[in-house]
């Protein structure tokens with residue numbers, strides 16, 4: 571099993587790890603598994619981390635990380651990697667990671683703001699989100715009126731209050747008991763946490779987040795789409 575360091579400290583930029591497996595894909599492309607990793611694997615609406623892995627005489631570029639059962643595998647470009655058992659250093663592309671953290675946390679802020687406006691999961695059930703360049707949260711259910719302006723106002727109020735996100739690694743049963751809602755299709759092959767926003771509530775989470783809502787920055791809600799019984803709330807950071 572790969573220890574996901576990013577779930578314990580999303581602000582960690584460098585870490586040592588031991589190589590457990592190396593598979594050659596092509597002349598300059600390798601799949602590398604290690605005992606622990608900084609690199610978040612693509613999934614849950616969040617894009618993969620990137621960066622580099624280095625040893626005394628080798629350097630490889632991490633193009634993406636992937637969840638493979640209980641291991642996180644890294645696609646790496648470079649020459650022949652060091653042997654199994656070698657201790658290497660992982661260095662994160664921090665600018666990319668921090669943007670992903672802000673985008674992902676912004677999605678939770680928007681979702682919490684919607685909940686505070688009275689749109690409970692019984693009315694709008696969050697199904698999935700994409701926290702990339704074209705960020706969107708997909709809900710089952712529809713709106714009877716345009717709430718773009720009041721949703722944007724409420725979301726930015728949460729940002730301005732500088733509220734604290736807290737996290738706890740828990741089992742599925744505790745997630746069910748403590749979450750405002752439990753979205754369908756949660757992954758069973760990766761650790762999940764209970765993400766709590768003080769004074770608001772808790773939801774399931776498996777990605778990387780900022781510690782304070784103020785780190786998200788100002789949120790803009792784009793025109794809200796409703797079609798085929800679904801609502802799509804698009805947002806971006808200003």
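Numbering (this note's numbering), first residue to last: 571 to 808.
Just so you know, even glycine gets a beta-carbon here, dropped at the ideal spot from N, CA and C.
Per DSSP, residue 806 is one residue of the beta strand (DSSP E) stretching across 800-807. By the neighbour-count criterion, in which a residue is buried when 16 or more other Cβ atoms sit within 10 angstroms of its Cβ, residue 654 is exposed. Around the Cβ of residue 801, a 10 Å sphere holds 16 or more other Cβ atoms; the residue is buried. In the three-state reduction of the DSSP assignment, residue 784 falls in the helix class.
Counting C-beta pairs closer than 8 Å gives three or more between the region 633-646 and the region 601-610, which meets the contact rule. Contact between the region 698-714 and the region 758-775 is absent: fewer than three C-beta pairs spanning the two stretches fall below 8 Å. In the same chain as residue 661, and ignoring 5 residues on each side of it, the C-beta atoms closer than 6 Å to its own belong to 584, 621, 622, in chain order.
Across the set 625, 627, 634, 592, the C-alpha of 634 shows the shortest separation from the C-alpha of residue 612. Residue range 742-748 is occupied by the alpha helix (DSSP H) that includes residue 748. In the structure shown, the three-state DSSP call for residue 671 is helix. Secondary structure at residue 709: strand, using DSSP grouped into helix, strand and coil. Cα atoms of residue 736 and residue 599: separation of roughly 38 Å, rounded to the nearest angstrom.
Runs of the beta strand (DSSP E) lying entirely within the region 635-674, each at least 3 residues long, are 641-647, 657-662 in chain order. Per DSSP, the continuous alpha helix (DSSP H) segment holding residue 729 begins and ends at 718-730. Taking a C-beta distance under 8 Å as the contact criterion, residue 575 and residue 607 qualify as a contact pair. Exposure of residue 581 is indicated by the presence of fewer than 16 other C-beta atoms within 10 angstroms of its C-beta. Closest option to residue 631, judged by alpha-carbon separation, among 663, 703, 616: 663. Residue pairing from DSSP places residue 737 in a beta bridge opposite 765.
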